[in-house]
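Below is one structure; the comments refer to it alone.
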Amino acid sequence: MTELTFFAIIMLLILIETYGLANTKYFWLGGIIPLLGTISIVLIMVKSEHIIFRDYIMAAVGILVLLVFWGQGHDRYTKRTLKEKNKMLSNDLSQK
């Protein structure tokens, strides 16, 4: 697999995570990709024979990035639902 294909797949997964899975009322659904990513990173670290300090830093950054995208997707859902509730409330008040 070329590096370009790898990065394209990663970007696709991040977009699916942020705009699809994490942008729902089911908070746990957005955690699927970060969980799989964390498990993959840990397995790679365990099976590697020569690990240096930089590898630990990169693994931590990778896990952190996955969790940040999950949080951003859930925040997007929360803002959207709050906006919809405010719109419904303003429509109800204007009808009275």
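First residue of the sequence shown: 531, per this note's numbering; consecutive thereafter.
For each residue, glycine too, the CB sits at the ideal point set by N, CA and C.
Below 8 Å on the Cβ atoms is my guess for residue i versus residue j; work out the distance and round it to an integer in Å.
i, j, result
"I593", "I571", "6 Å"
"T568", "L551", "That belief does not hold up - the Cβ atoms of T568 and L551 are roughly 15 Å apart, past 8 Å."
"G603", "E547", "6 Å"
Would you report the Cα separation of residue i and residue j, rounded to the nearest angstrom?
i, j, result
"T535", "L542", "10 Å"
"S599", "I544", "Position check: residue 599 holds Phe in this sequence, whereas Ser was assumed. Cα to Cα, the separation comes out at about 7 Å."
"W558", "K615", "23 Å"
"I581", "M618", "55 Å"
"Y634", "M588", "As displayed, the chain neither begins before 531 nor continues past 626, which places residue 634 out of reach and without an answer."
"M575", "Y556", "31 Å"
At what residues does the alpha helix (DSSP H) containing residue i begin and finish?
i, result
"S570", "I562 to K577"
"T589", "Rather than Thr, the amino acid found at residue 589 in this sequence is Ala. Residues F583 to Q625."
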